[in-house]
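Numbering (our numbering), first residue to last: 1063 to 1152.
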């Protein structure tokens, strides 16, 4: 997979590991994605869709010339997470 989708995939994994589907119900993250999508938090659902769009953009020849916008979304997500971590009181 391309490096542009890596931050999205990492954010999706982290979101899944913190979801109730994995923590409270004891399902595997892959089971949560496949069978319990409606139970996932909104953030995980949007990350799932963004990851799908990123992977699809890797195959789309038009996006190869224009650039895959999912990389920009991943950059925004990582910047947003960094600011949330730095602003949390201890």
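The beta-carbon is built from N, C-alpha and C at its ideal position, and this holds for glycine as well.
These figures come from a predicted structure and were not determined experimentally.
Annotation: residue 1077 to residue 1092 spans about 12 Å, alpha carbon to alpha carbon. Counting every other CB atom within 10 Å of its CB across the protein chains shown gives residue 1088 a total below 16, marking it as exposed. Taking the Cα positions, residue 1085 is about 22 Å away from residue 1069.
When the Cα atoms are used, residue 1095 and residue 1114 turn out to be separated by approximately 12 Å. Nearest C-alpha to residue 1075 among 1098, 1099 and 1109: 1109.
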